[in-house]
Each structure stands twice: as structure tokens, then as C-alpha cells.
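Residue numbers (this note's numbering), protein chains in the order written: chain A, -17 to 53; chain B, -17 to 53; chain C, -17 to 53; chain D, -17 to 53; chain E, -17 to 53; chain F, -17 to 53.
By construction, the Cβ of each residue, glycine as well, lies at the ideal position given by its N, Cα and C atoms.
A short write-up of the structure that comes next.
Number of protein chains: 6
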Amino acid sequence: MYDIYKEDQSMPIITVQMLEGRSDDQKKALVEKVTDAVVDTTGASKEAVTVVIEEMAKNHFAVAGKRASDQ
Amino acid sequence: MYDIYKEDQSMPIITVQMLEGRSDDQKKALVEKVTDAVVDTTGASKEAVTVVIEEMAKNHFAVAGKRASDQ
Amino acid sequence: MYDIYKEDQSMPIITVQMLEGRSDDQKKALVEKVTDAVVDTTGASKEAVTVVIEEMAKNHFAVAGKRASDQ
Amino acid sequence: MYDIYKEDQSMPIITVQMLEGRSDDQKKALVEKVTDAVVDTTGASKEAVTVVIEEMAKNHFAVAGKRASDQ
Amino acid sequence: MYDIYKEDQSMPIITVQMLEGRSDDQKKALVEKVTDAVVDTTGASKEAVTVVIEEMAKNHFAVAGKRASDQ
Amino acid sequence: MYDIYKEDQSMPIITVQMLEGRSDDQKKALVEKVTDAVVDTTGASKEAVTVVIEEMAKNHFAVAGKRASDQ
């Protein structure tokens, strides 16, 4: 841990906000695939990649002033 | 745009925080690969995926109380 | 969707963090009024505006070191 | 400040992420109008409303895997 | 409130994301100690410091592509 | 790194948003003191604590609809 900065790591923290409704298997796959995508493109070591999922309730998300719950 | 909610989209917004120092080509590839990873695993349509990169200066990021700039 | 960048859109994503306790009608009005405010002042098209609400529990929010739940 | 919680304030913190390119006057108007929208709909007192603007560079924002800088 | 900017305050907003499982007493102490740390080091007045806690579910947090719930 | 979840770590990520104007020494001390405060109160190991500083420009921050730059 103490030499994490030595190789010019990008130290990525990825936050995925998405509407509720995805299964736990989907979330597991999401986290794995996103981690791989970041490792492949930024040269971060896998251990340096953190992913956080933030679920949004449908009445807490809107595009064009219209919430996902108000359809 | 107006029927975005019809097919139970996840409407993902992905934020990638990482240390400064990646090239523009790396950022382009990062955005493409992360978008694909999210489409593949959550069933979102590609058009529904937003990615934001936030670069962190090395004196603004620390692990274990030690900043990346203080090595 | 593919020409979203053509007219120099601001592509705003607005996040409203607030203490729990507002009604669903208040949230609906909040999202509508905030969207209008952003369209009016930044020249974004309405369809380009995303709003996310994040509710904070009263024991998870503090000013001056004192939580809203500890009054 | 010490009685901020007394009247069930919502204590809103609004973050507006948007692409660079808006003028300072637009930002000033944005902050004023968004504050008013939040006061009107959530019953917060004006003094309790905080607004933060976060500008995104065009090569740091993508929809559908395509960055605003890559058009 | 109206002269908050007069003394070059830093107006800090601190967000602590952490895995669920801490007690309410731990959160109370966390908020107090973090507020003191920010006051001591940035010269902010205590009243100007806001702290928000965001708990992460164990299936919503991963390091190295592995979620805390998948051990 | 691989046994980070073993002891029910809180895996905290702390984000400090504050107005520009603090010195690099202040930021260094801030990061150290905040890390200690989180370790002391949540039982996280020091190596598990990440701190990110996000500076806000004075024309990008407002309370009560008035920006820090408009005084």
C-alpha cells in the first residue's frame, strides 16, 4: 500500500449512479467489467481501482423535468 | 429522448475520478470502454450512458494521510 | 441524441442533496422548477437537463459538528 | 446558525455540473434562479441553500461513448 | 449568515462515504472529530463546516473488481 | 490489499470541497488530521482511508443565491 504512488498510478475511483432495478448478478458483472475497462485504458493496477454503485429511486431522477416515476 | 423510461433503462451516470497524468487518447479509450462495460452488464442503451472524468491534482489526493505529491 | 453537442449545449446534471422529509409532490415540483431555472439561464435544451435528488438522513448531516438528529 | 434545524429545513446543497463555455453572467443568474426554485418548492429558507458549480472540460464528458471534444 | 464571505472562509463541505455497519455513536463522533480537524487546519469557523455521511451497501462497493459482499 | 474486507473495515472515502485560497501546507495538514479523525472514530486502518480535495472557485460557490465572488 505504501508504494502505491511509485508507478504513476491513476488511483481511479469510479462511481456508477443508476436507476434501481438491476439484479445483484448484474451489479457484480458491472463492477468486474468496469474495473477491467479502467485497468486496460489507464494502466492502473487492478488493486488500485475502487468502484461505488449509487442507486437512484425512480422518483429521485428526472430528464427534461420529468421523473422516471411520473410516466 | 421522450421515451427513455419506457424500457426500464438504468440511465447510468458514471464518474471517473483519477490522478492527472493520463493522455487524451487514454481518456478517449477509457470513456469508450467504460460505456461498453455498462451497456453490456446493465442493459442500458448506449445513448443513455453518460461518463464524466474528474482529474485530481496530486496534492489533492491522499491514501493513509499521505498525498501523491508528498512522496 | 447524436447531435447533442452541435449547439454548444451545457449538458447540465443537477444533484440536489437535502434532508429527508419532503413530500413526493414537493420533489416533483422541485425537479420541474430547477430544470426550468437551468434552461432559462444556461441555454440548455430541456431534454439535455438531468436532475438527481439525494436524500440525507438526519443522523448523516451536520453543521458545526452537530447532526440534525441530535437537537 | 445554531437553530437551523428548528423549522425542519431541508438544508439543500445543489451541485450543477455543466460543460465549460457559459459566461460569468450566466453563472450568476443560474445560481440565483436555482436557489429561488429550491426555496419555492422545498420550503427552505434562502440562507440555508448552497449552490456549487462544477465545470466539465469537453474532453472529460461523454454521452454514448463519444466525448463533446470528439465531434 | 450574510457576512460569511468576509473573512475568507473556506466554506468546507465534507462528504464521508463508508461501508454500512458503523454505530450511531461512531457516526456522531466521526462528524465531531472531522469538523474539528477541518476547523484546525483551514481556519474555517465551526459554523461554516458541513459534513455529510453516505453509507455504501456491501454489494455496492468494490476494490480490485471484488465487492465487499462477495468475500 | 486482498484481505481488506476481513476485519469489517469501513473503507472510507472522504471528499473535502472548499473555496480556493488555502496554502499547500494547510492542505497537507488537512489531509493528515482528517485521516486521523476517521481512523479514531470508525476503526478503519489508516491505509484504508482515502481523502480527496476539490477546490471551488469563488464564482462557482453561493449561499443564499449570492456567490463568494459577488461581495
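Ala50 of chain B versus Ser27 of chain D - alpha carbon distance: On the second sequence, residue 50 of chain B is found 68 positions in, with the first residue counted as 1. On the fourth sequence, residue 27 of chain D is found 45 positions in, with the first residue counted as 1. Approximately 41 Å between the Cα atoms of the pair.
Straight-line gap, Thr32 of chain B to Glu14 of chain D (C-alpha atoms, nearest Å): As a first step, residue 32 of chain B is located in the second sequence; it is residue number 50 there, counting from the start. As a first step, residue 14 of chain D is located in the fourth sequence; it is residue number 32 there, counting from the start. The alpha-carbon atoms of Thr32 of chain B and Glu14 of chain D are separated by roughly 27 Å.
For Gln8 of chain D, report the span of its alpha helix (DSSP H) as first-last. The residue you call residue 8 of chain D lines up with position 26 of the fourth sequence. Unbroken alpha helix (DSSP H) run through Gln8 of chain D: 6 to 24.
I need the DSSP call for Ala30 of chain D, collapsed to helix, strand or coil. Stepping through the fourth sequence from its first residue, residue 30 of chain D is reached at position 48. Of the three classes helix, strand and coil, the one that applies to Ala30 of chain D here is helix, per DSSP.
Judging by CA-CA distance, which residue of C:Val(-2), C:Thr23, C:Arg4 is the nearest neighbour of Phe43 of chain A? In the first sequence, residue 43 of chain A corresponds to position 61, counting from 1. Taking only the C-alpha atoms, the option nearest Phe43 of chain A is C:Val(-2).
Any C-beta of chain B sitting closer than 8 Å to the C-beta of Tyr(-16) of chain F? Working through the sixth sequence from its first residue, we reach residue -16 of chain F at position 2. Reliability fails at Tyr(-16) of chain F, whose pLDDT of 46 lies under 50, so the model's placement of it is uncertain and no value is given.
Is it the case that the CB of Phe43 of chain E approaches a heavy atom of the ligand FMN more closely than 7 Å? With respect to the ligand FMN, the structure shown offers nothing to examine, as it has no ligands at all.
Is the region 19 to 26 of chain E close to the region 15 to 25 of chain D, with three or more CB pairs under 8 Å? no
For Glu29 of chain A and Ser(-8) of chain F, the rounded distance between their alpha carbons: As a position in the sixth sequence, residue -8 of chain F is number 10, starting the count at 1. As a position in the first sequence, residue 29 of chain A is number 47, starting the count at 1. C-alpha separation (whole angstroms): 17 Å.
What are the residues that DSSP puts in a beta bridge with Met0 of chain A? As a position in the first sequence, residue 0 of chain A is number 18, starting the count at 1. Bridge pairing for Met0 of chain A: A:Glu37 [DSSP].
Under 6 Å Cβ to Cβ from Glu37 of chain D, same chain only, skipping five residues before and after it: list those, please. Residue mapping note: residue 37 of chain D aligns to position 55 of the fourth sequence, counting from 1. Within the same chain, Glu37 of chain D has close Cβ partners Glu2.
Looking at chain D, is there any beta carbon in it that lies within less than 8 Å of the beta carbon of Gly47 of chain F? In the sixth sequence, counting from the first residue as 1, residue 47 of chain F sits at position 65. Chain D, which has a Cβ nearer than 8 Å to the Cβ of Gly47 of chain F, makes this yes.
List, in order along the chain, the chain A residues whose C-beta lies closer than 8 Å to that of Ile(-5) of chain F? The residue labelled residue -5 of chain F in the question sits at position 13 within the sixth sequence. Within 8 Å Cβ-Cβ: Ile(-5), Thr32, Val34.
Within-8 Å CB hit, Ala19 of chain E to chain F: For the purposes of this step, residue 19 of chain E is taken as the residue at position 37 of the fifth sequence. So, interface residue.
Thinking C-beta only, is Asp52 of chain F closer than 8 Å to Lys10 of chain D? Here residue 10 of chain D refers to the residue found at position 28 when the fourth sequence is read from its first residue. Here residue 52 of chain F refers to the residue found at position 70 when the sixth sequence is read from its first residue. Against a cut-off of 8 Å, the Cβ pair of Asp52 of chain F and Lys10 of chain D comes out as a contact.
Determine the DSSP secondary structure at Ala44 of chain C, reduced to helix, strand or coil. Counting from 1 along the third sequence, the entry for residue 44 of chain C is found at position 62. In this structure, Ala44 of chain C counts as strand in the three-state DSSP scheme.
Lys48 of chain E versus Ile35 of chain C: straight-line alpha-carbon distance, rounded: Numbered from 1 along the fifth sequence, position 66 holds the residue referred to as residue 48 of chain E. Numbered from 1 along the third sequence, position 53 holds the residue referred to as residue 35 of chain C. Here the alpha carbon of Lys48 of chain E sits roughly 28 Å from the alpha carbon of Ile35 of chain C.
So, at 8 Å on beta carbons, what are the nonlocal neighbours of Val129 of chain A in its own chain, with the 5 sequence-adjacent residues on each side left out? Residue 129 of chain A is absent from the structure shown; chain A starts at -17 and stops at 53.
Ser(-8) of chain D versus chain C: which residues are under 8 Å apart at the beta carbon? Taking the first residue of the fourth sequence as position 1, residue -8 of chain D is located at position 10. Correct list: Met0, Leu1, Gly3, Arg4.
Strictly under 8 Å for the Cβ-Cβ distance: is Lys15 of chain A near chain B by that measure? Indexing the first sequence from 1 puts residue 15 of chain A at position 33. Yes, its Cβ sits closer than 8 Å to a Cβ of chain B.
List the whole-angstrom C-beta distance separating Asn41 of chain C from Asp7 of chain E, where the pair is believed to meet the contact cut-off of C-beta under 8 Å. Counting from one through the third sequence, the residue named residue 41 of chain C turns up at place 59. Counting from one through the fifth sequence, the residue named residue 7 of chain E turns up at place 25. The Cβ separation is near 11 Å, so there is no contact.
Are the C-beta of Asp52 of chain D and some C-beta of chain B separated by less than 8 Å? Taking the fourth sequence and counting its residues from 1, the one referred to as residue 52 of chain D is at position 70. So, interface residue.
At the 8 Å Cβ level, is Lys40 of chain E part of the contact set with chain C, yes or no? In the fifth sequence, counting from the first residue as 1, residue 40 of chain E sits at position 58. No, no contact with chain C.
Leaving out five residues on either side along the sequence, give the residues of the same chain with a beta carbon under 8 Å from the beta carbon of Pro(-6) of chain E. Taking the first residue of the fifth sequence as 1, we reach residue -6 of chain E at position 12. Excluding residues within five positions, the ones whose Cβ falls inside 8 Å are Val20, Thr24, Ala26, Ala30, Val31, Thr32.
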